[in-house]
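Let me begin by presenting the structure, written as structure tokens, before commenting on it.
Number of protein chains: 2
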Amino acid sequence: MIRKYIFGSPFQTDAVVCDIPCSQGDVPHMKQENGENLSFSCQLGSADEVYGLGENVRGINKRGWRYCSCCVDEPNHTEDRQSLYAAHNFLVVRGQTCFGIFVDTPGVVTFDIGYTHLDEMTITLVYPDAAIYVFEGMCVLDIVKEFRTLIGRSYIPPKWAFGFQQSRWGYKTEEDIYRVVKMHRENHLPLDSIYLDIDYMERYKDFTVDRERMPHFEKMVQDLKEDHVHVVPIIDAGVKVEEGYAVYEEGIENGYFCKEEDGKEFTAGVWPGRVHFPDVLNPEARKWFGEQYRVLLDMGVDGFWNDMNEPSIFYAQDRLDSVIDQIAALKGRNLNLETFEQFMGAVRSLSDNREDYQKFYHQTPEGRMSHDRVHNLFGYYMTRAAGEAFERLCPDRRILMFSRSSYVGMHRYGGIWMGDNKSWWQHMLLNYKMQPSLNMVGFLYTGGDIGGFGADVTEDLLIRWMQMALFMPLMRNHSAMGTRQQEVYRFDNQKILRDTLHVRYGLLPYLYSEFMKAALGDEMYFKPLSFLYTEDAYAPQVEDQLLAGDSVMTAPVFVQNGKGRYVYLPEEMAMIRMRSLDDYDTDRYPAGHHYIEAGLNETLLFVRPDKMLIMSDGGEYTEDVHTDHMKVFAFVKTNAVYEWYDDDGMGKKYDDPEHMTKITVAADGTYTCEGRNIRLTVELL
Amino acid sequence: MIRKYIFGSPFQTDAVVCDIPCSQGDVPHMKQENGENLSFSCQLGSADEVYGLGENVRGINKRGWRYCSCCVDEPNHTEDRQSLYAAHNFLVVRGQTCFGIFVDTPGVVTFDIGYTHLDEMTITLVYPDAAIYVFEGMCVLDIVKEFRTLIGRSYIPPKWAFGFQQSRWGYKTEEDIYRVVKMHRENHLPLDSIYLDIDYMERYKDFTVDRERMPHFEKMVQDLKEDHVHVVPIIDAGVKVEEGYAVYEEGIENGYFCKEEDGKEFTAGVWPGRVHFPDVLNPEARKWFGEQYRVLLDMGVDGFWNDMNEPSIFYAQDRLDSVIDQIAALKGRNLNLETFEQFMGAVRSLSDNREDYQKFYHQTPEGRMSHDRVHNLFGYYMTRAAGEAFERLCPDRRILMFSRSSYVGMHRYGGIWMGDNKSWWQHMLLNYKMQPSLNMVGFLYTGGDIGGFGADVTEDLLIRWMQMALFMPLMRNHSAMGTRQQEVYRFDNQKILRDTLHVRYGLLPYLYSEFMKAALGDEMYFKPLSFLYTEDAYAPQVEDQLLAGDSVMTAPVFVQNGKGRYVYLPEEMAMIRMRSLDDYDTDRYPAGHHYIEAGLNETLLFVRPDKMLIMSDGGEYTEDVHTDHMKVFAFVKTNAVYEWYDDDGMGKKYDDPEHMTKITVAADGTYTCEGRNIRLTVELL
């Protein structure tokens with residue numbers, strides 16, 4: 021049951037794809053507050069849980085903090101932050117009642133979920149224009165499904181994007197790229213793609229290639245493709261101000277950049293120095309910007325990541341000038357607490373300052389809007405620009421696309437990565453917890469930078485993180501310039517890392533199948549225990565275990581020097597303690613609390629009753645993964661059934677019945693296949 | 021067994037109090053490396069644990085990171101930091117062999133403990149002058165005791181310093197102070213002291229009182245003392261440069277400040293703006309600086325906290341001038357990645373820049389030394405200045421003293437708090453883990469700011485933190501200006517907070533007794549399970565439970581929305597699930613892993629077999645805690661014995677046999693007291 025309420029004159033965000041008639045009267049479950057801002061509140065029962073908000077800090081249960089939907093370039097992700105890169109204004113309250121709410125507005129929204137008072141939730145909109153949707157259902161999964169149906173089908177990447185991917189800000193030349201790929205291949209470390217961060221561009225200009233560093237870019241792309249490795253370049257939001265640069269000149273000529281009140285282009289500073297932002301909320305400008313991706317597609321590229329599109333602003337040019345003047349004026353003065361704080365405050369004010377958002381405008385179909393009113397849409401619409409272009413330029417072929425910033429609706433055009441995390445055990449856990457919240461709002465193709473982007477990784481952290489990421493659709497090792505080099509081949513325990521990677525390629529048939537079924541059916545791929553085991557009183561406490569697809573529960577080790585962990589089983593399960601594709605032991609555990617050992621080289625996987633985990637024999641890249649023979653780990657109580665989805669991984673015809681194979685394993689280990697005829701080695705758990 | 025090795029010409033740090041003959045030959049257990057720096061390394065077995073380093077980030081077992089002893093004003097304490105406020109160069113390796121090492125040098129030292137290679141530890145000294153002590157013993161506790169005996173008896177505060185203490189940067193006037201105290205008293209929230217942060221001073225000048233804000237300072241101190249509340253002002257390291265300010269003028273006249281190469285006083289900027297640093301490594305200057313505390317002692321003050329004594333440097337004056345010029349020169353330029361990073365890098369270079377440490381000097385008994393060579397001693401010697409002065413000025417009376425920065429040896433003059441933590445669940449856990457590491461290096465009177473100093477607290481975090489702090493000797497709620505107000509009377513669930521505070525006052529006799537026995541016997545008050553249960557294979561994994569004294573094990577809840585936790589018992593124990601002094605339930609658990617519920621209002625305490633926990637009936641301040649009647653929670657298997665230490669809490673005669681009372685409880689609940697005759701209510705667990 022979905023109801024829609026309109027407040028003010030909401031901007032058409034295109035978050036939803038279904039037209040729903042407006043309801044009259046009060047928003048159910050929430051009380052509209054009197055006050056300056058449009059605001060709604062409700063009481064929370066002491067046992068109520070609150071789920072949602074997609075990409076944000078803290079737990080799966082969001083109770084006990086205030087969050088703010090305001091997309092921002094925020095690399096610290098500590099507990100006290102309120103905003104990350106995305107605005108995902110959907111949440112579900114479960115407890116005394118069960119309902120969901122989606123606040124569809126492109127401006128800033130705050131969610132006080134038991135912060136001011138433990139038993140109170142308040143949602144406040146900075147601008148009073150919004151479509152508010154309220155969902156009712158029997159359980160969280162019902163409500164999520166209602167929401168997901170409303171917002172449309174999730175983006176589906178090519179199959180190779182489920183392989184292992186390597187990235188680092190710091191690969192500068194063709195030689196760097198070839199060498200990294202070679203080191204993987206030589207050491208039998210499976211790999212499907214390599215990333216180009218900002219250094220491949222000429223002076224950080226979008227859609228250019230630095231021909232000094234990469235004179236044979238097209239050949240490199242082709243060579244690597246023959247080696248089954250895809251090259252994935254970055255695209256930034258800001259377009260460099262530079263005479264003679266075609267994108268800049270076309271944008272100026274056609275008025276396609278965001279402008280200030282007086283009609284002059286707004287100038288911000290990012291990597292290239294001064295840039296203008298493409299006005300992706302203007303349909304014509306969006307089409308033009310999307311068309312630019314053709315340059316790289318024509319060079320053989322078939323994947324992109326859109327970055328800095330909150331948009332990140334190092335400085336607005338006017339403010340920079342003023343701050344420099346303010347600082348210069350302090351020369352010779354005695355800087356005490358107050359005046360030194362003026363100095364530091366001026367410096368801090370430079371970047372991502374919300375006041376600057378009020379200084380530039382978009383030409384939207386609904387007229388001119390200050391950026392501040394539509395801020396949270398920028399990343400979405402930049403990625404939409406690309407997605408719409410891909411539909412025009414290569415309609416029959418999947419292109420890899422994911423973005424840093426996002427809003428609900430962008431999930432139809434691309435995935436996201438979880439932004440600039442750090443090499444912290446804490447961030448590995450945070451990234452893990454984000455997965456189901458992101459699934460709730462339609463983002464299925466997601467993952468955090470493995471090993472951590474900022475700060476220096478340790479070998480054990482990288483190993484544990486790789487194990488944790490075994491089921492993450494986007495499995496990418498990425499790190500920042502200046503941090504410890506963290507390619508998997510750089511560490512002493514390379515065997516553990518290699519074995520873990522081969523397990524990933526073994527898991528690919530299951531992982532791809534579960535991902536695709538979730539995408540095609542508007543389902544969640546990662547689920548917290550509490551969503552499935554709704555009657556289990558302890559399940560809501562479990563935030564470090566997730567169901568990955570229909571068969572498997574994961575329970576990674578998140579603690580340094582940990583040699584095992586506590587695992588809670590809501591029902592009897594079978595465990596696989598995996599060291600490599602060939603080396604594992606298995607056991608059964610009854611429902612309840614268990615302490616289970618897991619050495620540094622061991623990953624704990626759990627198979628639910630009457631479910632199975634299908635595994636290939638692995639491979640060095642996704643195309644090397646064969647499915648004519650597979651191993652099946654089946655935990656059969658009476659009869660285990662698995663619906664296996666597979667396709668060519670590139671095309672967009674998803675509903676072919678040939679894609680489905682039904683595998684049935686009986687208690688004696690005999691099996692049948694309906695659909696494709698595959699040879700199975702059954703291992704009963 | 022202690023051996024001492026001399027390298028170069030070590031500076032006499034006065035960390036140790038015993039003279040030990042030097043050994044010749046190689047340092048045992050470690051291999052001296054060839055290379056530019058003095059450096060030692062050893063292999064680590066895969067099961068080896070490494071304990072120590074006092075105040076630092078990460079776990080109790082320090083494996084898996086590189087740490088750096090370089091005292092610094094560092095408020096973030098995230099996993100990637102290497103240095104906090106202290107330099108505690110002592111660690112113990114337990115595994116294949118068991119040995120301790122103390123690197124006594126006042127310069128920077130790095131400890132790579134399985135960072136570069138998981139199985140390797142390397143200690144590197146920036147300056148090659150050091151006394152290195154190596155300890156051997158049967159177990160960690162033996163080695164710690166050897167070390168503690170070598171470095172001398174830990175500081176003992178007055179008994180009232182074990183009561184609850186309230187602080188906030190932001191109390192500005194006498195009215196503020198009176199109001200906070202009144203709110204505690206009116207609401208029956210026990211309190212023993214209130215803190216003055218920097219605002220009580222006139223223009224942030226040490227040893228002055230702002231007479232506009234606090235015209236009747238002496239009366240306030242007296243009034244509050246009559247209300248059993250002690251006023252504890254802050255003292256900063258930097259002395260304001262201001263004509264007519266006596267401390268400044270005396271310091272200049274006598275050459276008591278740190279100077280640059282050319283003899284000019286080194287000028288840094290801190291709260292008051294320009295300051296000079298007292299040369300506390302010069303014995304005459306140290307005596308003079310210590311003498312200044314008399315001003316406040318004479319006003320009735322009997323406690324102090326020494327802050328900013330790493331020393332914290334917001335800027336060196338010369339560098340500030342140069343940075344302002346560099347920034348001004350950027351005006352009008354196109355700031356791209358490289359040049360904007362120059363801008364931001366220049367700003368970051370201002371504070372706590374190690375290059376500045378080479379620009380000023382101390383006049384030590386061993387001649388003129390650049391600050392960089394002796395950096396880690398500054399906080400120690402500032403606090404020593406005070407401690408030595410108190411010995412002269414009030415030899416028979418304990419004065420509360422604790423410091424932010426420290427080095428081994430300072431533990432004889434004062435305690436420490438754990439610096440500027442944040443309102444993070446993660447920091448509550450970090451502060452908990454630091455306690456045993458600090459005890460290892462002699463710091464017994466310690467605690468972290470309850471609720472967190474920076475960032476905004478949540479009500480549940482404050483409650484859980486108060487519960488966690490029940491056994492912390494220094495139990496202080498402290499927060500920064502601009503953050504959410506976090507006095508305990510500001511929250512809805514005041515009853516929980518009140519009950520928790522009353523439990524603290526109930527625990528005081530036990531807590532004080534255990535603290536004093538640890539101090540007088542060079543023992544640890546907080547111990548990890550693995551130190552006591554040396555044969556328990558799982559105990560080293562447990563970093564969120566601690567033994568507090570001889571009878572009790574604590575197991576706080578560290579997770580938001582947590583309704584219980586896993587607890588590991590290395591032996592059978594009795595549990596008290598405490599809601600208030602009168603409201604609790606008890607149970608026994610066998611050795612092993614357990615999941616135990618703990619509601620937001622509940623604290624889990626565990627009593628060891630044949631041990632007991634003595635508890636008073638509570639009180640509103642420490643003097644209100646009576647011990648003629650006590651409750652005893654005894655877990656008697658055959659016979660429980662407790663040696664109860666008590667004294668007047670102010671004097672320094674600790675060895676009076678009258679201070680000890682031996683309590684014996686038999687299995688039937690009958691008891692005897694040898695020493696003081698106290699009335700006990702025995703509750704058998």
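Residue numbers (our numbering), protein chains in the order written: chain C, 21 to 705; chain A, 21 to 705.
Quick reminder that beta carbons are idealized off the backbone N, C-alpha and C, glycines included.
This one's a predicted model, so the numbers in the text were calculated from it and none came from an experiment.
Cβ of residue i within 9 Å of any chain C Cβ
i, result
"residue 621 of chain A", "no"
"residue 561 of chain A", "yes"
"residue 83 of chain A", "yes"
"residue 498 of chain A", "no"
"residue 223 of chain A", "yes"
"residue 335 of chain A", "yes"
"residue 390 of chain A", "no"
"residue 316 of chain A", "no"
Residue nearest to residue i in terms of C-alpha spacing, selected from the options
i, options, result
"residue 22 of chain C", "C:371, C:71, C:510, C:153", "C:153"
"residue 420 of chain A", "A:406, A:426, A:427, A:429", "A:406"
"residue 356 of chain A", "C:260, C:366, C:177", "C:260"
"residue 649 of chain C", "C:233, C:697, C:329, C:666", "C:697"
"residue 624 of chain A", "A:417, A:490, A:630, A:292", "A:490"
"residue 496 of chain A", "A:466, A:511, A:522", "A:466"
"residue 30 of chain A", "A:683, A:654, A:394", "A:394"
"residue 622 of chain C", "C:578, C:105, C:653, C:255", "C:578"
"residue 639 of chain A", "A:523, A:592, A:119, A:620", "A:523"
"residue 63 of chain C", "C:196, C:384, C:132", "C:132"
Short CB-CB distance (under 9 Å) between residue i and chain A
i, result
"residue 4 of chain C", "Look at the range of chain C in this structure, 21 to 705, and you will see that residue 4 of chain C is not part of it."
"residue 415 of chain C", "no"
"residue 191 of chain C", "no"
"residue 227 of chain C", "no"
"residue 291 of chain C", "yes"
"residue 71 of chain C", "no"
"residue 556 of chain C", "no"
"residue 664 of chain C", "no"
One or two residues paired with residue i in a DSSP bridge
i, result
"residue 190 of chain A", "Per DSSP, none; premise fails for residue 190 of chain A."
"residue 61 of chain C", "C:51, C:142"
"residue 86 of chain C", "C:132"
"residue 595 of chain A", "A:607, A:626"
"residue 700 of chain A", "A:650"
"residue 589 of chain A", "A:612"
"residue 304 of chain A", "Residue 304 of chain A is not bridged to any residue."
Residue i, buried or exposed, once every other Cβ within 10 Å from all chains shown has been counted against 16
i, result
"residue 674 of chain C", "exposed"
"residue 661 of chain C", "exposed"
"residue 42 of chain C", "exposed"
"residue 676 of chain C", "exposed"
**Prompt:** At a cut of 8 Å, does the segment 180–187 of chain A reach the segment 204–211 of chain A through at least three beta carbon pairs?
**Reply:** yes
**Prompt:** Does the segment 39–54 of chain A touch the segment 625–637 of chain C, meaning 3 or more C-beta pairs lie closer than 8 Å?
**Reply:** no
**Asked** Should the segment 505–518 of chain A be called in touch with the segment 477–485 of chain A, which here means at least 3 C-beta pairs below 8 Å?
**Response** yes
**Item:** Any 3 or more C-beta pairs closer than 8 Å across the segment 256–271 of chain C and the segment 288–297 of chain C
**Value:** yes
**Message:** Across the segment 160–167 of chain A and the segment 86–94 of chain A, are there enough close Cβ pairs to call them in contact, namely three or more that are closer than 8 Å?
**Reply:** no
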